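A short worksheet on the structure shown next.
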Amino acid sequence: MIRSAALADVPVIRAMIRELAAYEKVPHEARATEEQLREALFGERPAVFAHVAETADGEVVGFSMWFLSFSTWRGAHGIYLEDLYVRPGARGGGYGKALLAELARTCVERGYERLEWSVLDWNAPAIGFYRSVGAVPMDEWTVNRLTDGALRRLGGAG
Numbered sequence: 058m059i060r061s062a063a064l065a066d067v068p069v070i071r072a073m074i075r076e077l078a079a080y081e082k083v084p085h086e087a088r089a090t091e092e093q094l095r096e097a098l099f100g101e102r103p104a105v106f107a108h109v110a111e112t113a114d115g116e117v118v119g120f121s122m123w124f125l126s127f128s129t130w131r132g133a134h135g136i137y138l139e140d141l142y143v144r145p146g147a148r149g150g151g152y153g154k155a156l157l158a159e160l161a162r163t164c165v166e167r168g169y170e171r172l173e174w175s176v177l178d179w180n181a182p183a184i185g186f187y188r189s190v191g192a193v194p195m196d197e198w199t200v201n202r203l204t205d206g207a208l209r210r211l212g213g214a215g
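In terms of this note's numbering, the sequence shown is numbered consecutively and its last residue is 215.
Now the structure itself:
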């Protein structure tokens, strides 16, 4: 049901990234190309990883994309889950939980001490799902991001 993504999965992963962006009401933000995903996932030095969820007949219906983080406080790596998505028709089938469980297994096997991710405040179904598996919201933390012009200005390129 859950396996590491393969090169042949890139087109369906990209399609699901676009579906997720549409669900999150920012379809214009999903600009990643198949070429970029191939390089990130399967290039000379991959820094991002993915798993896919597939049905018994081999249809890919979900994915997780993640990368390593590091906790200076714990002195250990962790996993940051960038995206978790299950197609609407497959929701409720256990795929999301299986994808999370695979990442938790990876953490346990490798001695990583954290599995973290962000969730939109308005996404009540996802929040409920995450709490049902024992996730704890980090209420006192706010995610910050630099992109586009602000990133270029601060980086001295604009």
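Just so it is clear, CB atoms sit at the ideal spot from N, CA and C, and this is done for glycine as well. Because the structure is a prediction, the values reported are computed rather than measured.
Using 10 angstroms around the beta-carbon of residue i, count the other beta-carbons present and answer buried if the total reaches 16, otherwise exposed.
i    : result
L125 : exposed
D66  : buried
W123 : buried
G153 : buried
L211 : exposed
V190 : exposed
Using C-beta distances below 7 angstroms, list every residue in its chain close to residue i, excluding the 5 sequence neighbours before and after it, in chain order.
i    : result
A155 : M58, I59 and A110
S61  : H108
A44  : Given a span of 58 to 215 for the chain in the structure shown, any question on residue 44 remains unanswerable.
Check whether the Cβ atoms of residue i and residue j sit closer than 8 angstroms, and answer yes or no.
i    : j    : result
L177 : E81  : yes
I70  : A107 : yes
L94  : S121 : no
G135 : E170 : yes
G119 : R144 : yes
L172 : A158 : no
D140 : I184 : no
E197 : Y142 : no
Please return the same chain residues whose Cβ sits closer than 6 angstroms to the Cβ of residue i, not counting the five positions on each side in sequence.
i    : result
E86  : A78
E166 : none
Quick check for students: name the residue ranges of the beta strand (DSSP E) that lie wholly in the region 94-119, counting only runs of 3 or more. Entirely contained in the region 94-119, the beta strand (DSSP E) runs reaching 3 residues are, in chain order, 106-111.
Alpha helix (DSSP H) runs wholly inside the region 177-209, at least 4 long, in chain order: Runs of the alpha helix (DSSP H) lying entirely within the region 177-209, each at least 4 residues long, are 181-189 in chain order.
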